[in-house]
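Participant: Sequential numbering from 0 applies to the sequence shown in numbering that gives the first Met the number 0.
Don't be surprised by glycine CBs; every beta carbon is placed ideally from N, CA and C.
No experiment lies behind these values; they were computed from the predicted model shown.
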Amino acid sequence: MKKKVTKAIFPVAGLGTRFLPATKSIPKEIMTLVDRPLIQYAIDEARAAGIKEFIFVTSRGKSALEDYFDHLPELENTLRKKKRTDLLKTLKDTNMDSGAIAYIRQHRALGLGHAVWCARRLLSNEPFAVILPDDVIAAETPCLQQMVEAHAEIGGNMVAAMDVPDDKTSSYGILDIKEDMGSVVSVKGMVEKPPIGNAPSNLAVIGRYILSPDVMGHLNRIKTGAGGEIQLTDAIAQEIAGPDNVYGYRFKGQRFDCGSKAGFLQATVAFGLGREDLRDEFRDYLADMMSVRSAAQ
Ligand code: G1P
């Protein structure tokens, strides 16, 4: 039987410079989509996929992220006394079991591969997940859950994958496809941020991974790659020559690049419209805005 995936690494050490000045004092993972911080979406997705241990790779200035996961017994008591069961539930849904979260520091910004490698001592000889919270995925079945289910069938290493236009391939890890089976693709190569015109396909890696523990071994030895950084993509690519296959998984859902301002705004609109308590008012507002705009054109 294949081993269950119960641990996930969340690389959250990035400086978030694209969101300055906000990120002068708040980690970008605490920035909110509607009323939930980005990191909450990633945690909820991991929990839905059966993850029990959450490993955050952090850096200086991320203490608000650690505080976010503390329980607030005083506030809970106040809400209980006031019979605010709705708010109490919202709060309790974000509580994590003691000991379920570990924080590891990445002391130097040497790349995503290095960030993942920093968590090596917290993993045992079992497959593990990596979630990049910048990639927010709206889906009926949460993306990592889709992948865990597919992984239980086929094993190996699995990366979430999405087709992107030609002019965007240089922003992603790109898969060199061996066999395209529809939602699952077997891979014969992977390139991190290939120069425009050199991408082996249009199938891009999105920030969800289920990896064999051997990937940590490759990260031990790997040299710097694209952008002078230690790349996770390069370590996964080394698995292709080994016994475990590498698969791309075309998830069902909509991905938002919340590492960019435009992506963050799009996600805000989509998640705002997705919320029952806000939908009608927000839709009317957007419709008004659009009609004002078209009248002005
Ligand atoms: C990282 C990965 C890249 C992947 C991307 C998905 O890049 O290195 O392979 O395609 O996430 O969002 P970053 O966006 O952190 O530069």
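Comparing C-alpha positions only, which one of Y208, L121, F127, D96 sits nearest to C142?
Facilitator: The residue labelled residue 142 in the question sits at position 143 within the sequence shown. Taking only the C-alpha atoms, the option nearest C142 is Y208.
Participant: Does at least one heavy atom of the ligand G1P sit under 7 angstroms from the Cβ of Q39?
Facilitator: For the purposes of this step, residue 39 is taken as the residue at position 40 of the sequence shown. Not so, every heavy atom of the ligand G1P lies at least 7 angstroms from the Cβ.
Participant: How long is the line joining the alpha carbons of T93 and K82, rounded to whole angstroms?
Facilitator: Counted from its first residue, the sequence shown places residue 93 at position 94. Counted from its first residue, the sequence shown places residue 82 at position 83. Those two C-alpha atoms are separated by around 19 angstroms.
Participant: With 16 as the cutoff for other CB atoms within 10 Å, does R254 come out buried or exposed?
Facilitator: For this step, residue 254 is matched to residue 255 along the sequence shown. By the neighbour-count rule (16 or more Cβ atoms within 10 Å), R254 is buried.
Participant: Going straight from the alpha carbon of N219 to that of L231, what length do you get?
Facilitator: For this step, residue 219 is matched to residue 220 along the sequence shown. For this step, residue 231 is matched to residue 232 along the sequence shown. N219 and L231 have their C-alpha atoms spaced approximately 11 angstroms apart.
Participant: Is the stretch 170-190 touching the stretch 113-130, taking contact as three or more C-beta pairs under 8 angstroms?
Facilitator: no
Participant: Any heavy atom of the ligand G1P within a distance shorter than 7 angstroms of the CB on Y248?
Facilitator: In the sequence shown, counting from the first residue as 1, residue 248 sits at position 249. Answer for Y248: no, Cβ out of range of the ligand G1P.
Participant: Please confirm whether any heavy atom of the ligand G1P lies closer than 7 angstroms to the CB of I153.
Facilitator: Taking the first residue of the sequence shown as 1, we reach residue 153 at position 154. False, no ligand heavy atom lies under 7 angstroms from that Cβ.
Participant: Can you determine whether any heavy atom of the ligand PLP sits closer than 7 angstroms to the C-beta of I205, and answer yes or no?
Facilitator: The model on display carries the ligand G1P but not the ligand PLP.
Participant: What residues are listed by DSSP as bridge partners for L143?
Facilitator: Against the sequence shown, residue 143 aligns to sequence position 144. Looking at the DSSP assignment, L143 forms no beta bridge with any residue, so it has no partner.
Participant: Could you check whether I235 and V147 sit closer than 8 angstroms to each other, using their CB atoms as the reference points?
Facilitator: The residue labelled residue 147 in the question sits at position 148 within the sequence shown. The residue labelled residue 235 in the question sits at position 236 within the sequence shown. No; because the gap between Cβ atoms is not below 8 angstroms, this pair is not in contact.
Participant: Just list the beta strand (DSSP E) runs in the stretch 103-160, keeping only unbroken ones of 3 residues or longer that don't cross its boundaries, in chain order.
Facilitator: 127-130, 134-137
Participant: With T57 as the anchor, note down where its beta strand (DSSP E) starts and where it stops.
Facilitator: Position 58 of the sequence shown, counting from 1, holds the residue named residue 57. Start and end: 52-57.
Participant: Could you tell me if D133 is buried or exposed, where buried requires 16 or more neighbouring beta carbons within 10 angstroms of its beta carbon?
Facilitator: On the sequence shown, position 134 is the one that residue 133 refers to. So D133 ends up on the buried side.
Participant: Which of the three DSSP states, helix, strand or coil, is assigned to A266?
Facilitator: One-based indexing of the sequence shown puts residue 266 at position 267. Correct three-state label for A266: helix.
Participant: With a CB to CB cut of under 6 angstroms and the five nearest residues on each side skipped, what residues in its chain are close to I303?
Facilitator: The first residue shown for the chain is 0 and the last is 296, placing residue 303 beyond what the model contains.
Participant: Roughly how many angstroms separate the alpha carbons of I136 and A12, rounded to a whole number?
Facilitator: As a position in the sequence shown, residue 136 is number 137, starting the count at 1. As a position in the sequence shown, residue 12 is number 13, starting the count at 1. Roughly 20 angstroms separates the two Cα atoms.
Participant: As an exercise, report each continuous alpha helix (DSSP H) stretch of at least 4 residues that is fully enclosed by the stretch 62-102, in chain order.
Facilitator: 62-67, 72-80, 84-92
Participant: Looking only at DSSP bridge pairs, what is A7 linked to?
Facilitator: The sequence position of residue 7 within the sequence shown is 8, counting from 1. F53, A128, per the DSSP bridge assignment.
Participant: Could you check if K27 is buried or exposed, using at least 16 other CB atoms within 10 Å of its CB as the buried criterion?
Facilitator: Sequence index remark: in the sequence shown, residue 27 carries index 28 (1-based). Classification for K27: buried.
Participant: Assign H70 to buried or exposed, taking buried as 16 or more other Cβ atoms, counted over all protein chains shown, within 10 Å of its Cβ.
Facilitator: In the sequence shown, residue 70 corresponds to position 71, counting from 1. Exposed, since its Cβ has fewer than 16 Cβ neighbours within 10 Å.
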